[in-house]
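Take a look at the structure below.
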Amino acid sequence: MLIEVPNVLSRDQVVHFRKALDKTEWVDGKVTAGFQSAQVKNNMQLSENNLVAKDLGQQILDAVENSPLFVAAALPAKIFPPLFNRYQGGQAFGNHVDNSVRRAASTRKYVRTDLSVTLFLSEPEEYEGGELIIDDTYGEHSIKLPAGHLILYPSTSLHRLRPVTSGARVSSFFWLQSMIRRDAHRSLLLNLDIAIQKLHQEVPGSTTAVDLTGIYQNLLREWVEV
Ligand code: NI
């Protein structure tokens with residue numbers, strides 16, 4: 331399931347991020363690519379040890395951990411420290427599936443990549459092309475979101491980034507290991523969670539909502555890995 335989480339960063343935060351990113355040093359994006367990905371990847375990134383990347387990355391982690399929709403949709407167990415990329419002048423990233431396991435330089439801990447995240451830092455009007463194309467069983471999805479919004483998608487998906495033909499596309503991207511490994515289970519839990527929230531609003535004090543919350547917790551307990 332693809333899930334859009336709007337307004338993870340405020341406009342002011344995006345402005346601050348962009349200023350800091352403009353001033354720092356960018357390197358060839360092949361540094362974090364696997365062997366197959368490196369053949370189709372053409373962009374610029376910040377190195378994992380870049381201090382600006384570490385600082386902004388921490389701000390992103392704080393923001394997503396405070397986003398009820400992000401937490402409900404991802405049920406994160408471990409989050410890889412956010413990375414940053416920039417595409418311009420025709421740069422693109424061809425078809426690939428993200429590496430299944432990542433090891434962060436800072437923590438030396440392994441993260442199984444259940445979900446991939448792209449947080450947009452450029453407004454759609456700032457660049458031509460640059461759509462993130464994600465294939466799933468329902469077909470092809472073209473994603474280009476306002477700055478400060480993010481998309482969550484299963485890391486098992488084949489995806490690519492169309493060439494950026496004018497302007498520049500700046501974003502943050504990262505992966506996470508979910509407490510719920512299977513996408514289908516995670517989707518069921520999210521849909522149940524949303525339905526319970528709706529019931530709370532429609533029928534304040536609903537005892538059925540209490541029963542359903544119990545079922546949510548017991549399903550989570552059945553499937554959780556921490
Ligand atoms: Ni990718």
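Quick note on the numbering used here: the sequence shown kicks off at 331 and runs consecutively. Cβ atoms here follow ideal geometry from the backbone N, Cα and C, with glycine treated the same way. Being a predicted model, the structure only gives us computed values, none of them experimental.
Here DSSP, grouped into helix, strand and coil, assigns GLU395 to helix. Judged by DSSP secondary structure, GLY420 falls outside any alpha helix (DSSP H); it is assigned neither H nor E. Per DSSP, GLU470 is not a residue of any alpha helix (DSSP H); the beta strand (DSSP E) it occupies stretches across 469-473. For ILE510, there is no enclosing beta strand (DSSP E), as DSSP marks it with neither H nor E. By the neighbour-count criterion, in which 16 or more other beta carbons inside 10 Å mark a residue as buried, ASP523 falls on the buried side. The Cβ atoms of PHE503 and HIS479 lie no closer than 8 Å to each other. When DSSP states are grouped into helix, strand and coil, PHE400 belongs to the helix group. Taking 7 Å as the cut-off, one finds at least one heavy atom of the ligand NI near enough to the beta carbon of HIS489. SER446 has its Cβ nearer than 7 Å to a heavy atom of the ligand NI. Rounded to the nearest angstrom, the Cβ distance from ASN429 to THR443 is 7 Å, consistent with a contact under 8 Å. Beta-bridge partners assigned by DSSP to ASP465: GLU470.
Taking the Cα of ALA434 as reference, the smallest distance to any Cα among THR537, GLY387, GLU334, ASP465 is reached at GLY387.
Under the DSSP definition of a beta bridge, HIS530 lacks any partner.
According to the DSSP assignment, ARG348 belongs to the alpha helix (DSSP H) that extends over 341-353.
Under the DSSP assignment, ALA435 falls outside any alpha helix (DSSP H); it carries neither an H nor an E label. In this structure, ARG499 lies away from ALA422, with their beta-carbon atoms at least 8 Å apart.
Residues ALA407, LYS408, VAL441, ARG442, ASP444 of the same chain have their beta carbon placed closer than 6 Å to that of GLN507, with the five preceding and five following residues left out of the count. For the pair of segments examined, the region 346-365 was found to touch the region 413-420: the number of CB pairs separated by less than 8 Å reaches three. Where THR448 is concerned, there is no enclosing alpha helix (DSSP H), although the beta strand (DSSP E) around it starts and stops at 445-450.
Here ASN373 has GLY359, ASN415, ARG416, TYR417, GLN421, PHE423 as same chain residues with Cβ atoms under 7 Å from its own Cβ, once five neighbours each way along the sequence are excluded.
Secondary structure at ARG551: helix, using DSSP grouped into helix, strand and coil.
The ligand NI approaches ASP428 closely enough that one of its heavy atoms is under 7 Å from the residue's Cβ. Taking C-alpha positions only, LEU376 is separated from GLU455 by approximately 23 Å.
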